[in-house]
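Colleague:
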Amino acid sequence: MHNCKVEICGVNTSKLAVLSGAEKAELLRRTKEGDQKAREALINGNLKLVLSVIRRFSSRGENPDDLFQIGCIGLIKAIDNFDMTLGVQFSTYAVPMIIGELRRFLRDNNVIRVSRSTRDLAYRALNVKETLVSKLGREPSIEEIAKELDTPKEEVVNALDAIVDPISLYEPVFSENGDSIYVMDQISDTKNTDESWLQKIAISEAIRSLPERERNIIEFRFFAGKTQMEVAQEIHISQAQVSRLEKGALLQIKKQI
């Protein structure tokens, strides 16, 4: 891969460090023990993760330096709040935290505030779109989405236009070593709420209802932290088959929650 020198906030992005899984785990452990040097190394070692996420917001016309700084705030919050006992990869937790900070920044910078009802309609439309893609095997039209929502087409169009950089729940937002992290790979930074507790139960039930092979793939990928290639070797199928089965399993989980 060609290393192109790009300066963001005075940082040469082509020379950013990339940490191995073992290095991340060790730095996280030391950070939780109060080691500030480990915390700094962990931040610097995950700046490429921030860059991967802010590319999704580059079409908004914002200053890249501003987006990078806001993304770094999300990264730092993720480092400070990450619970190593959750059994998930750090990047799975960090990506939605970074996205959340960027969304808040873009929302607060938006001159025209979007009403709660408009946002709700927009995200209901996105969810319906995902369902129709699975059902129809193609991208649905606005008319089809509006019909499913029993809402005038114009209202759906206006709602989708109003929200900032809408991202599909199952769109990959970060890839590392050939593996993707999806928006649905989110763990709320609000702990011990009834909503998050019920959501975890719903997800657990949905995973349990999967066929054995798909269930094993999801458990290997999102709980054991294995790459698609490692899973392929574990269950003796190709990496492409793992990718296809994983996407299908995620869609099945989505339908149930």
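One point on numbering: in our numbering, the residue at position 231 of the sequence shown is 231, and numbering is uninterrupted. Beta carbons: idealized from backbone N, C-alpha and C, even for Gly.
Throw me the rounded Cβ distance for the Leu16 and Leu47 pair, which I believe falls under 8 Å.
Modeller: At roughly 5 Å, the Cβ-Cβ gap stays under 8 Å, so Leu16 and Leu47 are in contact.
Colleague: May I ask which residues mark the beginning and end of the alpha helix (DSSP H) holding Gly258?
Modeller: Nothing about residue 258 can be reported from this structure: the residues present for the chain run from 1 to 257 only.
Colleague: Can you give the beta carbon distance from Glu214 to Leu251, rounded, assuming they're within the 8 Å contact cut?
Modeller: Not quite, the Cβ-Cβ distance comes to about 10 Å (not below 8 Å), so this is no contact.
Colleague: Using a Cβ-Cβ cut-off of 6 Å (strictly less than) and excluding sequence neighbours within five positions of Ile112, which residues of its own chain qualify?
Modeller: With a pLDDT of 47 at Ile112, under the threshold of 50, the predicted position of this residue should be treated as unreliable, though the coordinate-derived value follows. Excluding residues within five positions, none has a Cβ falling inside 6 Å.
Colleague: Which first and last residues belong to the alpha helix (DSSP H) in which Glu139 is found?
Modeller: Neither: Glu139 is in no alpha helix (DSSP H) and is coded neither H nor E.
Colleague: Any contact of the region 87-106 with the region 69-79, i.e. 3+ C-beta pairs under 8 Å?
Modeller: At 8 Å Cβ cutoff, the stretches touch.
Colleague: Given Asn44, which residues of its chain have a CB within under 7 Å of its CB, disregarding the five upstream and five downstream residues?
Modeller: The answer, listed in chain order, is Ala17.
Colleague: Use the C-beta contact count for Gly137: other C-beta atoms within 10 angstroms, 16 or more gives buried, fewer gives exposed.
Modeller: Under this definition Gly137 is an exposed residue.
Colleague: If you compare alpha carbons, which of Asn127, Ser204, Arg56 and Val133 is closest to Val95?
Modeller: With distances taken between Cα atoms, Val95 lies closest to Arg56.
Colleague: Taking only three categories from DSSP, how would you classify Gly248?
Modeller: Helix at Gly248.
Colleague: Along the chain, where does the alpha helix (DSSP H) containing Phe223 start, and where does it finish?
Modeller: Premise fails: Phe223 is in no alpha helix (DSSP H) and is neither H nor E.
Colleague: Which two residues bound the contiguous alpha helix (DSSP H) that contains Val53?
Modeller: Leu47 to Ile54 is the span of the alpha helix (DSSP H), which, as asked, contains Val53.
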